[in-house]
Structures are given as structure tokens and as C-alpha cells.
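These protein sequence lines are chains A and B, in that order. Quick note on my numbering: the first sequence kicks off at 1 and runs consecutively. Quick note on my numbering: the second sequence kicks off at 114 and runs consecutively. Yeah, the Cβ is synthetic: ideal placement off N, Cα and C, and Gly gets one too. Below is one structure, written out as C-alpha cells; the observations come after it.
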Amino acid sequence: DTAVSQTPKYLVTQMGNDKSIKCEQNLGHDTMYWYKQDSKKFLKIMFSYNNKELIINETVPNRFSPKSPDKAHLNLHINSLELGDSAVYFCASSRTGTGDEQYFGPGTRLTVT
Amino acid sequence: GENVEQHPSTLSVQEGDSAVIKCTYSDSASNYFPWYKQELGKRPQLIIDIRSNVGEKKDQRIAVTLNKTAKHFSLHITETQPEDSAVYFCGPSGTYKYIFGTGTRLKVLA
Chain A
1 DTAVSQTPKY
11 LVTQMGNDKS
21 IKCEQNLGHD
31 TMYWYKQDSK
41 KFLKIMFSYN
51 NKELIINETV
61 PNRFSPKSPD
71 KAHLNLHINS
81 LELGDSAVYF
91 CASSRTGTGD
101 EQYFGPGTRL
111 TVT
Chain B
114 GENVEQHPST
124 LSVQEGDSAV
134 IKCTYSDSAS
144 NYFPWYKQEL
154 GKRPQLIIDI
164 RSNVGEKKDQ
174 RIAVTLNKTA
184 KHFSLHITET
194 QPEDSAVYFC
204 GPSGTYKYIF
214 GTGTRLKVLA
């Protein structure tokens, strides 16, 4: 059974388009996250949600809008895509969000042309 | 804001040698200190963690040591093997927030 899944795995799109990435976890965890990993491999937190509530928004442009319909899902919608948005986006979850292991999804490689 | 630094950024060792990676952080509220391993094209995965009430933890060939006063913790890998080659991230955290270090690329030369 897949613990944290993301779709799609690859996303190639043009500048100015709007796209979404979906994430689901079947671990029963309370907290979910989105991370961006750029070409230099820096892993930067974007958002964290606890029980569907936004907890952390790390100075991410408002073109990025996360949505958590329930605590097992955290989707990421990106408007007006820019070249600099090209990266690998990882979803993750952890049991409580207070000092526990994070389980990462397989990542979504977004390429903006 | 919080600052997390990892050193070195790259590390090459001969198979069988030891490797040490150090993580320095600034947020005194951090109370959980994990290390993640990311193989090429894969997701990060936890390899070892320590909490602030413990100074050292060992799991077979890997160990983590914590100096909370000095705000740093280190990953130690002994008897390195080619499959240890990967990027390693520290990720000190408090509540709902994990700030990852800049990563260390470890190459184990056969």
C-alpha cells in the first residue's frame, strides 16, 4: 500500500498556465506539507496543514493555493506558472506535526517552458 | 528567521571509511532532530532521529549526536558502503515546521 501518493509524477506546461498537483496519505496522519526542491536540491517548506487547517505559509507567492478537503488530502494549485516554478514538489505527512517522522510522497517534477 | 546550515556540502570517502556531517541550527525551540537520506530521483526518507532529551543514538552503522547547548547535531556513518551514496538532509523542527539544511552529497568510492 502506498503511504503518501502524488499525481501527476511529471508535469510539463507553458508559462501562464494553471495546474494542480494532488496528494493523498493513507497513514491517518494529522499533518501534511508541501515542499519545493529546486535544481540545487534545496528542500524548502511551502505550507503545512494540521487537520485541514493552514498552519504554516512560508512566504510563498499567492499564485500557490493549497487546499485540504479532508485531513488525508492536500492539493496544490498553481496559477500563472512562471519559469522559476520549475522544480520537484514533494508532499509529506507526519502523525502529529510536533517532532515526528515525515513520510514523503514520490514527488512531482514540474517543468515550465 | 530560522537558519540551518550543513557542512560539508559534498563529501567523498573511500568504502569502509567513516563519514561525519554536521548540522547547525538557530531556533532554540527545535526539539526534534532527524536526518533524511535522498537517493538520486527518489524521495527523502528518515534514517535516524533524536529528541532533545537524548545526547546520542545509534542504529547499526549510523549514529546521531546532539549538542543542544551549542545548537548542532551530527550524523555519523561508519564502514561506509557504495549504497550510502546519496544526499543527506538534516531537518531540525519544533511545531509544524521543519527547516531542512542545504544537503550534503556523500559519495562512497569503491
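Item: For E82(A), the three-state DSSP class (helix, strand or coil); Value: coil
Item: Proximity of K171(B) and S141(B) at Cβ, strictly below 9 Å; Value: no
Item: Check whether L188(B) and Q102(A) have beta carbons under 9 Å apart; Value: no
Item: For P69(A), the three-state DSSP class (helix, strand or coil); Value: strand
Item: Coil, strand or helix - E128(B) by DSSP; Value: coil
Item: Under 8 Å by beta carbon: chain A residues contacting G216(B); Value: K41, F42 and L43
Item: Buried versus exposed, by CB contacts within 10 Å (16 or more), D70(A); Value: exposed
Item: Outcome for A199(B) when other beta-carbon atoms lying within 10 angstroms are tallied against a minimum of 16; Value: buried
Item: Sheet register partners of T59(A) (DSSP bridge); Value: In the DSSP output, where bridge partners are listed per residue, T59(A) has none listed.
Item: Contact under 9 Å by Cβ, I163(B) with T182(B); Value: no
Item: Members of the segment 21-37 of chain A that neighbour chain B once the beta carbon cut-off is set at 7 Å; Value: T31
Item: Extent of the continuous beta strand (DSSP E) to which E118(B) belongs; Value: V117 to H120
Item: In DSSP terms, what V88(A) is bridged to; Value: Q37(A) and R109(A)
Item: Delimiting residues of the beta strand (DSSP E) encompassing P147(B); Value: Y145 to Q151
Item: Chain B residues whose Cβ lies nearer than 7 Å to that of P106(A); Value: R156
Item: Contact set between N50(A) and chain B, taken where Cβ atoms lie within less than 7 Å; Value: Y209
Item: Chain A contact for N144(B) (CB, 9 Å cutoff); Value: yes
Item: Cβ contact (3+ pairs, closer than 8 Å) linking the segment 95-110 of chain A and the segment 148-156 of chain B; Value: yes
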